[in-house]
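Numbering (the working numbering), first residue to last: 134 to 234.
The structure appears below as structure tokens.
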């Protein structure tokens, strides 16, 4: 089946074979090859929708199986699980002249 992992920068991806951690990303290295593949990136939130929990860079890849797949997750459930849902996105506007003093 397929494997899911999240790179250090938060990029979600899936792989045909279990990926290996290299530098700051997960890579798939075909048997007997020096060629590295970083398969398909997924839209943010896809891993949560598939397995019902987030993955972090520190987590090992998760193999997609009937046991790891969860029931479909609604947009409301995703919003509820969002750790940044209460964060403020406000910022003050400042002119270039004000920055220079």
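For glycine and all other residues, C-beta sits at the position ideal for the given N, C-alpha and C.
Only a predicted model underlies this, so the values are computations on that prediction, with no experimental measurement involved.
When the Cα of residue i is compared with those of the options, which residue comes out closest?
i	options	result
residue 201	180, 162, 150, 146	180
residue 150	156, 197, 142, 187	197
residue 208	192, 155, 177	177
residue 213	192, 187, 199, 191	187
Among all the DSSP beta bridges, which residues are the ones paired with residue i?
i	result
residue 193	The partner list for residue 193 (beta bridge, DSSP) is empty, contrary to what the question assumes.
residue 146	138, 174
residue 154	159
Go ahead and label residue i buried or exposed: buried means 16 or more other beta carbons lie within 10 angstroms of its beta carbon, across all protein chains shown.
i	result
residue 211	exposed
residue 183	buried
residue 138	buried
residue 173	exposed
residue 161	buried
In chain order, what residues of the same chain lie with their CB nearer than 6 Å to the CB of residue i, ignoring the 5 residues before and after it?
i	result
residue 145	139, 175, 179, 180
Under 8 Å Cβ to Cβ from residue i, same chain only, skipping five residues before and after it: list those, please.
i	result
residue 189	139
Which residues in the same chain have their Cβ closer than 7 Å to the Cβ of residue i, if we skip the five residues on either side of it in sequence?
i	result
residue 152	136, 138, 159, 160, 161, 194
residue 134	196, 197, 198
residue 141	157, 158, 190
residue 147	135, 136, 137, 172, 173, 175
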